[in-house]
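Numbering of the sequence shown is given in my numbering, commencing with residue 118 and proceeding in unit increments. For each residue, glycine too, the CB sits at the ideal point set by N, CA and C. All values derive from a computational prediction rather than experimental measurement. Okay, structure first, notes after.
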Amino acid sequence: MKKLLTILLMLSGVSLAEEDFKKVEIRVVRDRYFQKSLRPELGLGVYASLNKPYLQTVMAQAGLAFYPFEILGIGVDGGLSGSFNKEVCYTLGREFSIEPVITPLQWVAGGKLELAPIYGKYQLPSGDVLYFDWLFKVGAGRGGIYTRKQGCRPAQYVAATDNTNTAQVSVMEYNASTGQRLFLNKNIALQWNILFYLVEPYPVDGYKPGFDDYDQILFLSLGASYFFR
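Following this line, the structure appears as structure tokens:
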């Protein structure tokens with residue numbers, strides 16, 4: 118009889134445990150794999166313009182940032198760029214004698230504020246886990262520009278005596294971006310970003326530019342970061 122009661126109690130206990138377990142939702146939250154707080158970051162990237170009708174601009178950029186908090190960083194960056202005419206530009210100049218004024222961006226340098234409020238992970242088909250955070254950045258600084266008055270005319274059609282270029286000047290630039298940082302390990306990450314640059318127009322004496330006069334450039338960037346310590 119005693120053995121029978123023991124068996125019944127055991128079965129009852131197992132049954133209650135299973136019933137209680139069905140009502141419990143278990144969530145496993147891991148600590149952050151990648152910590153940014155109080156760490157300096159060195160970043161390198163290559164930018165390509167997406168929205169300019171006559172020019173293709175490519176820029177190499179480097180930056181240094183520091184994160185006083187896990188989701189907030191401050192930094193400086195700078196870059197050198199080169200621009201070349203698209204085929205549609207040459208077509209306008211050769212066949213239609215249309216010569217839009219072109220203002221290539223030569224360089225940028227400034228400061229930025231970074232916010233990384235979203236942290237997560239991807240599980241790859243192989244079962245490996247790739248950690249990431251989502252970035253938002255705003256910045257401002259200076260940029261170097263000049264104007265090409267006969268911007269779409271091929272060089273061989275421009276006489277040597279023609280003064281088609283203006284002197285390079287430094288103007289204000291403002292930028293904002295969003296993208297992801299993908300962590301390969303606890304020091305190295307890959308990045309992609311969509312960036313929007315607003316560049317002050319070439320100054321003209323006696324003329325105050327409006328918002329529509331600013332050069333608006335959309336960039337796609339790919340790069341990598343190294344976190345020290």
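### Whole runs of the beta strand (DSSP E) within the stretch 144-207, excluding any shorter than 3 residues
157-166, 172-186, 189-202
### Query
Are the stretch 310-323 and the stretch 283-301 in contact at 8 Å, needing three or more beta carbon pairs?
yes
### Task
Would you mind stating whether threonine 179 and leucine 161 have Cβ atoms separated by less than 8 Å?
Residue identity differs from the one stated: residue 179 is alanine in this sequence, not threonine. Yes; because the gap between Cβ atoms is below 8 Å, this pair is in contact.
#### Entry: Cβ-based burial, isoleucine 235 [other Cβ within 10 Å; buried from 16]
exposed
### Query
So what's phenylalanine 345 in DSSP terms, helix, strand or just coil?
coil
### Task
Taking glutamine 308 as the reference, give the member of Gly323, Leu335, Leu252, Asp194 with the closest Cα.
Leu252
### Task
Within 10 angstroms of the Cβ of arginine 346, are there 16 or more other Cβ atoms? Answer buried if so, exposed if not.
exposed
### Query
Considering tyrosine 331, what are the terminal residues of the beta strand (DSSP E) in which it resides?
Tyrosine 331 -> no beta strand (DSSP E), and no H or E assigned at all.
### Message
Taking 8 Å as the cut-off, does the stretch 201-212 touch the stretch 148-158 (at least 3 CB pairs, one atom from each stretch)?
### Response
no
### Message
My assumption, with CB atoms under 8 Å, is that isoleucine 334 sits in contact with lysine 169. Please give the rounded CB distance.
### Response
7 Å
### Query
Between which two residues does the beta strand (DSSP E) containing arginine 259 stretch?
246-262
### Task
Note down, in chain order, each residue of its chain lying with its Cβ closer than 6 Å to the Cβ of tryptophan 224, except the 5 sequence neighbours on either side.
Leu197, Gly261
#### Entry: Beta-carbon gap between phenylalanine 249 and leucine 301 smaller than 8 Å
no
### Message
Which residue wins for smallest C-alpha separation from phenylalanine 186, given the options Thr208, Pro157, Leu222?
### Response
Pro157
### Task
Return the Cβ separation of serine 338 and valine 163 in integer angstroms, given the expectation that the two are a contact with Cβ distance under 8 Å.
7 Å
### Task
Measure the beta-carbon distance from isoleucine 215 to threonine 264 and round it to whole angstroms, keeping in mind my assumption that it falls under 8 Å.
About 16 Å; that fails the 8 Å criterion.
### Delimiting residues of the beta strand (DSSP E) encompassing valine 288
286-300
### Message
Measuring straight from C-alpha to C-alpha, what distance separates glycine 195 and phenylalanine 183?
### Response
16 Å
### Message
Assuming contact is defined by CB atoms lying nearer than 8 Å, are alanine 226 and glycine 258 in contact in what I supplied?
### Response
yes
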